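Chemist: For reference, each letter of the sequence shown is one residue, going 1 to 755 in UniProt numbering.
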Amino acid sequence: MKKLQFIKKAVSGILCVGMLLESGTENLVYAAVINGEESVSVENSDSTTAVRQELPTGLMPVTEETDEAVDGDEEYSVYDFTQDDTETDNLLRSAGTDDSDWSKYGSRYFYNQMTEDEKSYWDAMDTICMEYLTTEGNAVNTSNGGYRMQAVWGSKLDADTMSNVAKIFRYSNPQYYFLGTALYTVYRGNEISKVWGIYPAFGVGAERAEATEAVKTQADTWQQQIDSCSTGEKKAEKIHDLICDKVFYNQALVDNNFSTENTEYSQSVYSVLCTDKTVCAGYAQAFEMMCNGSGIDAVAVTSYNHEWNKVRLYDSWYNVDCTWDDQSGGFYYNYFLRNDEYYDTCSQYSKNCHKEESYWEDYLPVCSLDSGSSWNTPGTLPEITGKADNPQIMAVDAGDKYYIQMICGLDGAQIYYNIEGRKPVVAAEKNCLYREGFYLDKSRINMIQAIAVKDTYYDSDAVTGIVEVECTHNYVSEITTDPTCTTTGIRTYTCEICGDSYEEVIEATGHTVVTDAAVAAACETTGLTEGSHCSVCKTVLVAQTVIPAAGHKWSEYRESGKVKRKCSVCGKTETVRTLPKVKTVQLSKTSYTYDGKSHMPTVKVTNSAGKKLKEGTDYKIKKPSGRKNAGIYTVTIEMKGDYTGKYQKTFRIIPKGTAISSVKAKKKAFSVSWKKQAKQTSGYQIQYAVDAKFKKSVVTKNVNNTKKVKLDVSKLKAKKKYYIRVRTYKTAKMNGKSKKIYSGWSKVKAVTTKK
1 MKKLQFIKKA VSGILCVGML LESGTENLVY AAVINGEESV SVENSDSTTA VRQELPTGLM
61 PVTEETDEAV DGDEEYSVYD FTQDDTETDN LLRSAGTDDS DWSKYGSRYF YNQMTEDEKS
121 YWDAMDTICM EYLTTEGNAV NTSNGGYRMQ AVWGSKLDAD TMSNVAKIFR YSNPQYYFLG
181 TALYTVYRGN EISKVWGIYP AFGVGAERAE ATEAVKTQAD TWQQQIDSCS TGEKKAEKIH
241 DLICDKVFYN QALVDNNFST ENTEYSQSVY SVLCTDKTVC AGYAQAFEMM CNGSGIDAVA
301 VTSYNHEWNK VRLYDSWYNV DCTWDDQSGG FYYNYFLRND EYYDTCSQYS KNCHKEESYW
361 EDYLPVCSLD SGSSWNTPGT LPEITGKADN PQIMAVDAGD KYYIQMICGL DGAQIYYNIE
421 GRKPVVAAEK NCLYREGFYL DKSRINMIQA IAVKDTYYDS DAVTGIVEVE CTHNYVSEIT
481 TDPTCTTTGI RTYTCEICGD SYEEVIEATG HTVVTDAAVA AACETTGLTE GSHCSVCKTV
541 LVAQTVIPAA GHKWSEYRES GKVKRKCSVC GKTETVRTLP KVKTVQLSKT SYTYDGKSHM
601 PTVKVTNSAG KKLKEGTDYK IKKPSGRKNA GIYTVTIEMK GDYTGKYQKT FRIIPKGTAI
661 SSVKAKKKAF SVSWKKQAKQ TSGYQIQYAV DAKFKKSVVT KNVNNTKKVK LDVSKLKAKK
721 KYYIRVRTYK TAKMNGKSKK IYSGWSKVKA VTTKK
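Printed below as a string of structure tokens:
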């Protein structure tokens, strides 16, 4: 259908391209199909012109989600699932389903290259998914309202490896169409499990059963047509054509950023088998599923934005990209059965889109051969003439086991094996890729089979026999008896392969001498003479003898009211006795009124015992100069003898006071006069208040002129009684700052203002 439409449009496109090529266009030009379709690219290669549209991708990135464990997650440990899980087989048979009907659609190519712990995780997911596929069990409800697989616990894998195994598992098992693109990290305490989310429509078992039947029905319908093809090459071509003819690329879904993915299933084979629209993920998984179901090894791989296939025909691998071969008007074969070089060199765009994601590293097969396909022909596979050399299975007798090693004479060949007595295959069944030697019970030695494979060669024959060889020995050493300083030891060498062993004597190590340094005797501690010992066995080689303590050399001194002594050798100090402390330092008088005479109060000093100390013996006095005019004077008392410290006490000479001479009431005011006082006086201070004790509404006025002896006060309340007092002051210097020294207050006078 699409093929016929495509040929008509291609002819029209070629006519346009021909004109462009004649005008000098080289390898790649762009033109428009004359019937009005969207822009197409036109490629000229080996005189054959091809028409193709813009090449699409459409792989959705894996989204990381988190969830907590629920009751449905508690049933199994990873290591409950094995490669031949009898319990699960019984479950499937009781449901009337043979899991081989479905497992044939998956690939074990990547599985066979994994470690045992990685395989165990894969097996766990495989068993759970097969149960979802063949029974009506419901998926686990997530905390965000979706569905996911049952979690499996106990894996020894780290989180990153677990994620990588889960991704490779999903792309290797297209038959599990219900798996979405959300990878859940399920938490149970400190333990995690990585499992896939499930499309909402497939979370409930009964609804999923209907979808499963639809998938199988379409697969069986196609299988009848595929089985009619005579060769694997023709079967792969038929699968390519069936897919490209049935579906259209879902550009609308890509344009709306996959907003309706939950109902379009573009990342699942379901979109190809049960709808008519898909993107690269659907193309690749459908091709993988139908190839594997037809006995052709195929895998799906991914880049950052694209998914395509690698298929194995006649024991060599080829790339297939159905997405890029499919066009809206038909399909072609330009990306069918091509080698890696073609995908990397046909355009930079192709190289970018076909650069596999990092987690595929070390797993991918090499695609060396190319079919030479073009836009309208699937090409021809190159003839393979070589066959891989048969591998050799070498066995070294190791007691109740054999140590197995495998080699192949063909450089670069890989060896696949199993110990179940069946012919190994690369991808269709579970086998092991040989990486290093391993031990095998002698009872199973006749069950081991191996083949050698290499790209561009046919696989070797299956080898079943072993070749017993002498052990080349790979000895590892271990000290079984440690040597000491005075006795010999033993080192035992044991072959890791066969267990053969021998011993050698290790000479005594001899003492490791450490000098024990001499320690000089101190005033209070003894010393030691120089000695030595062995740092290994701790044996004393030269004993140290004790040197008596030397004793102190004291000298006494006074400090902080104490008699102390200090050793001139070690510097140790100690208190001999405590001296009495000064308790009080007092002046006999702290204030004098200026009278033109010099004044000096007496000093009284007592100690903590109440004893009066003597001037000259226990302290000395430094008198201030002057002491006659109004001012503040500091007396310094410096302790001596058994006493320490310095004290300062102050006394004042205040100016002579004055008296109020008259108070006169006025209208809301009053005037006050006082007696003039000029000697040792700088001015006057007047206070008035409404209460006699001057506690409330006190107003202070300063008169900085000794000649002025009257003050008028206005703006007062009428008929209000006010109390008035006056004093003198002298401005003096103390510590470099000006300070007022006041006389005593005059007697208080009262006055009542007039109305």
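Yeah, the Cβ is synthetic: ideal placement off N, Cα and C, and Gly gets one too. Here the structure is a predicted model, which means the values were calculated and not measured.
Quick one: Cα of Val672 to Cα of Ser588, how far?
Modeler: For Val672 and Ser588, the distance between alpha carbons rounds to 38 Å.
Chemist: Ala398 to Leu410, Cα distance in whole Å?
Modeler: Each residue's alpha carbon lies about 28 Å from the other.
Chemist: With the cut-off set at 8 Å, would you say Ser535 and Leu541 are in Cβ contact?
Modeler: Result no, Cβ atoms of Ser535 and Leu541 do not sit closer than 8 Å.
Chemist: Taking the C-alpha atoms as reference points, what is the distance between Glu574 and Thr525?
Modeler: Their backbone Cα atoms lie some 17 Å apart in a straight line.
Chemist: Per DSSP, Leu179 is paired with what?
Modeler: According to DSSP, which records beta bridges pairwise, Leu179 is partnered with Ile198.
Chemist: Between the stretch 375-382 and the stretch 342-350, do at least 3 Cβ pairs fall closer than 8 Å?
Modeler: Short answer: they don't touch.
Chemist: Skipping 5 residues on each side, what residues in its chain have a beta carbon closer than 8 Å to that of Leu91?
Modeler: Confidence at Leu91 is low in this model, with a pLDDT of 31, below 50, so the placement of that residue is unreliable and no value is reported for it.
Chemist: Below 8 Å on the Cβ atoms is my contact criterion, and I expect Ala718 with Lys668 to pass it. Report the Cβ-Cβ distance as a whole number of Å.
Modeler: Correct: roughly 5 Å between the Cβ atoms.
Chemist: Would you give the residue range spanned by the beta strand (DSSP E) that Cys322 belongs to?
Modeler: Here Cys322 belongs to no beta strand (DSSP E); instead the alpha helix (DSSP H) covers Cys322 to Asp325.
Chemist: Anyone know if the C-beta pair for Thr706 and Lys675 falls short of 8 Å?
Modeler: Not closer than 8 Å, so no.
Chemist: Pairing CB atoms from the stretch 211-222 with CB atoms from the stretch 141-160, are three or more of them under 8 Å?
Modeler: No, the stretch 211-222 is not in contact with the stretch 141-160.
Chemist: According to the neighbour-count rule (16 or more other Cβ atoms, all chains shown, within 10 Å of its Cβ), is Ile497 buried or exposed?
Modeler: Looking at its Cβ environment, which holds 16 or more other Cβ atoms inside 10 Å, Ile497 is buried.
Chemist: For Leu92, does the three-state DSSP call read helix, strand or coil?
Modeler: With a pLDDT of 34 at Leu92, under the threshold of 50, the predicted position of this residue should be treated as unreliable, though the coordinate-derived value follows. In this structure, Leu92 counts as helix in the three-state DSSP scheme.
Chemist: Does the distance from the C-beta atom of Ser373 to that of Tyr333 stay below 8 Å?
Modeler: Yes, these two residues count as a Cβ contact at 8 Å.
Chemist: For the candidate residues Ile168, Lys194 and Asn352, whose alpha-carbon lies nearest to that of Thr69?
Modeler: Sequence inspection shows Ala at residue 69; the Thr mentioned does not correspond to that position. Here the closest residue by C-alpha is Lys194.
Chemist: Between Arg338 and the rest of its own chain, which residues show a CB-CB distance below 6 Å, the 5 nearest in sequence each way excluded?
Modeler: Only Asn319 and Asp370 meet the Cβ criterion.
Chemist: What first and last residue would you give for the alpha helix (DSSP H) that runs through Glu68?
Modeler: Run containing Glu68: none in the alpha helix (DSSP H); it sits in the beta strand (DSSP E), Thr63 to Glu68.
Chemist: In or out: Thr487 buried (at least 16 other Cβ within 10 Å) or exposed?
Modeler: With fewer than 16 other Cβ atoms within 10 Å, it is exposed.
Chemist: Taking 8 Å as the threshold (C-beta atoms), are Met149 and Ile128 in contact?
Modeler: In contact: Ile128 and Met149 (Cβ atoms closer than 8 Å).
Chemist: Sort Val301, Ala252 and Gln224 by Cα distance to Gly293 and report the nearest one.
Modeler: Ranking the options by Cα distance to Gly293, first place goes to Gln224.
Chemist: Would you give the residue range spanned by the beta strand (DSSP E) that Cys353 belongs to?
Modeler: Per DSSP, Cys353 belongs to no beta strand (DSSP E); it is in the alpha helix (DSSP H), Gln348 to Cys353.
Chemist: Quick one: residues in its chain with C-beta nearer than 6 Å to the C-beta of Glu341, no 5 flanking neighbours on either side, listed in chain order?
Modeler: Counting only Cβ-Cβ distances below 6 Å, and skipping sequence neighbours, we find nothing.
Chemist: Comparing alpha-carbon positions, which option in Gly330, Glu288, Tyr304 and Gln327 lies nearest Lys310?
Modeler: Nearest of Gly330, Glu288, Tyr304 and Gln327 to Lys310, Cα basis: Glu288.
Chemist: Quick one, are the C-beta atoms of Cys280 and Pro61 less than 8 Å apart?
Modeler: No, Cβ-Cβ distance for Cys280 and Pro61 is not below 8 Å.
Chemist: Leaving aside the five residues before and after Thr602 along the sequence, list all residues of the same chain whose C-beta is less than 7 Å from its C-beta, in chain order.
Modeler: These residues qualify, in order along the chain: Ser588.
Chemist: Quick one: measure Cβ to Cβ for Tyr403 and Ala450, integer angstroms, because I've assumed they're closer than 8 Å.
Modeler: Actually they are not in contact, since the Cβ atoms of Tyr403 and Ala450 sit about 15 Å apart, beyond 8 Å.
Chemist: Under the rule that 16 or more other beta-carbon atoms within 10 Å means buried, what is Arg444, buried or exposed?
Modeler: So Arg444 ends up on the exposed side.
Chemist: If you drop the 5 nearest sequence neighbours on each side, which residues of the same chain put their C-beta closer than 6 Å to that of Tyr171?
Modeler: Cβ within range, chain order: Ala300.
Chemist: Should Arg435 go down as buried or exposed, given a rule of 16 or more other Cβ atoms within 10 Å for buried?
Modeler: Arg435 should be labelled exposed.
Chemist: Output the residue ranges of the beta strand (DSSP E) runs that lie fully inside the stretch 369-440 and measure 3 residues or longer, sorted by chain position.
Modeler: Complete beta strand (DSSP E) runs here, min 3: 392-398, 401-407 and 414-418.
Chemist: Secondary structure at Thr134, three-state DSSP: helix, strand or coil?
Modeler: Helix at Thr134.
Chemist: Which residues in the same chain as Asn431 place their Cβ atom closer than 6 Å to its Cβ, once the five residues preceding and following it in sequence are excluded?
Modeler: Cβ within range, chain order: Asn112, Tyr416, Asn418 and Pro424.
Chemist: Can you check the stretch 548-597 for any alpha helix (DSSP H) of at least 4 residues that lies completely inside it and give the ranges in chain order?
Modeler: Qualifying alpha helix (DSSP H) stretches: none in this window.
Chemist: By how many angstroms is the C-alpha of Pro200 removed from the C-alpha of Asn262?
Modeler: Distance between the alpha carbons of Asn262 and Pro200 is about 7 Å.
Chemist: Is the beta carbon of Leu59 closer than 8 Å to that of Glu361?
Modeler: Result no, Cβ atoms of Glu361 and Leu59 do not sit closer than 8 Å.
Chemist: Out of Cys244, Thr644 and Ser714, which one is the CA nearest neighbour of Gly282?
Modeler: Comparing Cα positions, the closest option is Cys244.
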